[in-house]
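Here is the structure we will look at.
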Amino acid sequence: MIGRRDILKGAAALAAMSGSRAFAQGTSQDKPKPRTRVVFLGTKGGPRVTMGRSNPASVLLVNNVPYVIDCGMGVSHQLAAAGVPLTSIRDIFITHMHSDHNLEYGNLIYNAWTSGLQKPIHSFGPKGLIRYSFTFWELNRFDIETRIEDEGRPDLRKLLIAKEIDGDGPVTDDENVKVTAFRTPHPPIVENFAYKFETPDGTIVFSSDTAFNPKLAEFAKGADVLVHEVMYEPAVDRLVAKNVNGATLKKHLMDSHTTTEDVGKIAAMAGVKVLVLDHFVPGDDPLVTDDNWLDGVKKNFKGKTVLAQDLMELTLPV
Ligand SMILES: [Zn+2]
Ligand SMILES: [Zn+2]
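All residue numbers for the sequence shown refer to our numbering, where the first residue is 338 and numbers rise by one.
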């Protein structure tokens, strides 16, 4: 289990890595923020909600404009903890429709609305995102219509512009970022996208959940930062033992995620400056040490490798 002390330890390690530009949230409220930074909001892979790491979500901030990547349970709370006003959200990117990546998607948009959202939010994601959005409106119709009438709020349903991605290529661009999607296999899911963000301070790629995929290394070629999911194979047996469907779950995990050794291979092939390990599977096994995560990676990748922690901040340029 990861406690407050571990979070600070992770932040301190990162600060040591990149000097004073990296810091633990809450210690530098009065200092001007760096132009481009990523805050890892939730770093535990999988749908179980536990007391430790939060479920998957990250936010890239450029000129204080947030670009939210995935909406696992806890994303609203973690954004608040990171000091990102929910009303400032303009863009949300969903990698795939596994619940650990989208379960709080509707609720995040809803929470932005009750915080005073006035401007549209654009969301991007795989096929199914539009229906998922409409279904959320239906689920919450009574409350939304009551608050429009009773509290004078704008119609939330008109403030969301959801767009489905149907293949590799450009997704969106604005004054801060250019975003490109890349389909990567996550069996049995095919509609699953890695995202590349080109910012004024460098390029960062988020792998999504993915099986070992050398083509992803081509997509991430020359990026400054690669944020890649990771699975520690020796601990998978302990993880699946907690589930009645253990054998099937193990097969799913082995087929659809990337081991530490293989993450190292991808980072080396891509030639990235910094590799960030994220979406830890398992993300809550106290017997797995930092070295367990790093040793496999180091066999194949000699560059800087960072273990993401909840609320850890990484500043670009690296
Ligand atoms: Zn996941
Ligand atoms: Zn997944």
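We put the beta carbon where it would ideally sit given N, CA and C, even for glycine. Note that this is a predicted model, so its numbers are computed, not measured.
Residue i - partner residues in DSSP beta bridges
i, result
"arginine 374", "Leu398, Thr652"
"phenylalanine 530", "Arg520"
"histidine 565", "Leu614"
"glycine 379", "Ala394"
"valine 643", "Val613"
"glycine 559", "Bridge partners of glycine 559: none, in fact."
"lysine 515", "Asp510, Glu535"
"isoleucine 502", "Paired residues: none, contrary to the question."
"leucine 497", "Ile458"
"isoleucine 541", "Phe534, Val562"
Close-in-space but distant-in-sequence residues of the same chain around residue i (CB under 8 Å, 5 per side omitted)
i, result
"tyrosine 532", "Ile406, Phe430, Thr432, Val508, Val516, Thr517, Ala518, Phe519, Val542, Phe543, Ser545"
"methionine 434", "Gly462, Pro463, Gly465, Leu466, Tyr469, Ile526, Glu528"
"arginine 575", "Pro619, Asp622, Leu624"
"leucine 445", "Val405, Cys408, Val412, Ser413, Leu416, Leu423, Ile426, Ile429"
"glutamate 598", "Gly633, Val634, Lys636, Asn637"
Closest residue to residue i among the options (Cα-Cα distance)
i, options, result
"phenylalanine 377", "Pro654, Asn629, Glu650", "Glu650"
"lysine 635", "Thr424, Lys602, Ile502, Asp615", "Lys602"
"alanine 607", "Ala417, Asn637, Gln415", "Asn637"
"valine 306", "Arg427, Arg575, Val611, Ile446", "The displayed coordinates of the chain run from 338 to 655. Any statement about residue 306 would go beyond what the structure contains."
"proline 422", "Gly443, Leu440, Glu555, Leu454", "Leu454"
"tyrosine 404", "Ser425, Thr642, His414", "Ser425"
"alanine 605", "Pro551, Asp647, Met591, Thr626", "Pro551"
"asparagine 477", "Glu512, Val655, Gly443, Gln646", "Gly443"
"aspartate 510", "Ala449, Glu535, Val375", "Glu535"
"alanine 557", "Gly583, Ala572, Phe530", "Phe530"
"leucine 397", "Gly420, Met388, Gly489, Gly383", "Gly420"
"tryptophan 450", "Asn439, Leu440, Asn401, Gly489", "Gly489"
"asparagine 629", "Val573, Lys368, Lys456, Leu590", "Val573"
"valine 402", "Gly383, Ile481, Glu512", "Glu512"
Close beta carbons around residue i, own chain, < 7 Å, minus the five adjacent residues each side
i, result
"valine 386", "Asn392, Met410"
"glycine 363", "Any answer about glycine 363 is weak, because its pLDDT of 47 lies below 50 and its placement is not dependable; what the coordinates show is given next. Cβ neighbours of glycine 363 beyond the five flanking positions: none."
"arginine 358", "Caution applies to arginine 358, whose pLDDT of 40 falls short of 50 and renders its modelled position unreliable; the model cannot decide the point."
"isoleucine 485", "Asp492"
"asparagine 400", "Arg372, Asn513"
Residues of its chain near residue i, where Cβ-Cβ distance is below 6 Å and the 5 sequence neighbours each way are ignored
i, result
"leucine 586", "Val577, Asn580"
"valine 564", "Phe543, Val613, Asp615"
"threonine 540", "Ala560, Asp561"
"proline 524", "Asp592, Ser593"
"valine 611", "Val562, Lys641, Val655"
"arginine 390", "Ile339, Thr380, Lys381, Gly620, Asp647"
"tryptophan 474", "Arg494"
* Ignoring anything shorter than 3 residues or poking outside the region 600-626, list the beta strand (DSSP E) runs there in chain order. => 611-618
* Asked: For the region 565-576 against the region 611-624, are there 3 or more C-beta pairs whose distance is under 8 Å?
  -> yes
* Asked: Quick check: the region 448-468 against the region 494-503, are there 3 or more CB pairs under 8 Å?
  -> yes
* Would you mind listing the beta strand (DSSP E) stretches within the region 410-469 that are 3+ residues and don't spill past its ends, in chain order? => 428-430, 458-462
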